[in-house]
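Going by this note's numbering, the sequence shown opens with residue 910, and the numbers climb by one from there.
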Amino acid sequence: INNNMFKKIGLFLSLAAVLVVATPAFAAEFIAPEKDNKQGNIVLNQVESHKNVYVVGASITNNSDVLGDLFAAGGKIVVAGTVEQDVMVAGGDVSLEASIGGDVRAAGGDVRIRSQIGGDVLVGAGNVIFDEKSLVGGDLYIGAGNVTIDGPVKGALKIGGGEVTINSIVSGPVEVWSDGSLTFGPK
910 INNNMFKKIG LFLSLAAVLV VATPAFAAEF IAPEKDNKQG NIVLNQVESH
960 KNVYVVGASI TNNSDVLGDL FAAGGKIVVA GTVEQDVMVA GGDVSLEASI
1010 GGDVRAAGGD VRIRSQIGGD VLVGAGNVIF DEKSLVGGDL YIGAGNVTID
1060 GPVKGALKIG GGEVTINSIV SGPVEVWSDG SLTFGPK
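Set out below in structure tokens:
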């Protein structure tokens, strides 16, 4: 085999490696505001379905179904469409309002969860509220200033926070570290 043949084989293998590595990226959608969208607001409509979505903007509202994972970063984030797999969000004001099949990772100033979540949840925020419509199918881990849990947790619950209120059923073990008050409700 001559030197030219080695170059051709090397080029072919390099191209094949790039295609193999880049192929998963084609299954994802990367969404950001257009240049003429000065407010930076993004709305994903109900009529659309998305596979894996990566979205950034000042204000993000997802009304569509996501068939894979959702990754969002912005000032205000509302997830009102079903997500079949995992959600990872970071924002000043985060609201999860629809069913999520997998795990959730959320960070923000205020995080409000009204979702039925199939997996584990990890939240770091100033204020965290799981309202009565929420359900955590796995374990729940929270680090926050103020925490209110009004929906059931099927797994373990671990909280590090200031003011903590637990007003729902927790099926697994509960560990709470609070430097403020700890309140257990009637449920």
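For each residue, glycine too, the CB sits at the ideal point set by N, CA and C.
Since we're looking at a predicted model, the values are computed, not measured.
Would you give the residue range spanned by the beta strand (DSSP E) that ASP1019 belongs to?
1013 to 1022
Answer yes or no: do GLY1064 and ASP1040 have a C-beta to C-beta separation smaller than 8 Å?
no
Please name the residue, chosen from ALA1007, PRO1061, GLY1081, LEU953, that lies closest to GLY1094 on a Cα-to-Cα basis.
PRO1061
Rounded to a whole number of angstroms, what is the C-alpha to C-alpha distance between SER1087 and GLU1072?
7 Å
Helix, strand or coil at ASP1002 according to DSSP, with G and I counted as helix
strand
With a threshold of 7 Å on Cβ separation, who are the neighbours of PHE1085 within its own chain once the five nearest residues in sequence on each side are excluded?
Reading off the sequence, residue 1085 comes out as Val, not Phe. Taken in chain order, the residues that qualify are ILE1068, VAL1073, LEU1091.
Just to confirm the assignment, what range does the beta strand (DSSP E) spanning THR1057 have?
1049 to 1058
By the three-class DSSP mapping on this structure, what secondary structure does GLU1084 have?
strand
Please determine, among ILE1075, ASN1076, GLY1054, ILE951, the residue with the shortest C-alpha to C-alpha distance to ALA1016.
GLY1054
Are ILE1009 and VAL992 closer than 8 Å when you measure CB to CB?
yes
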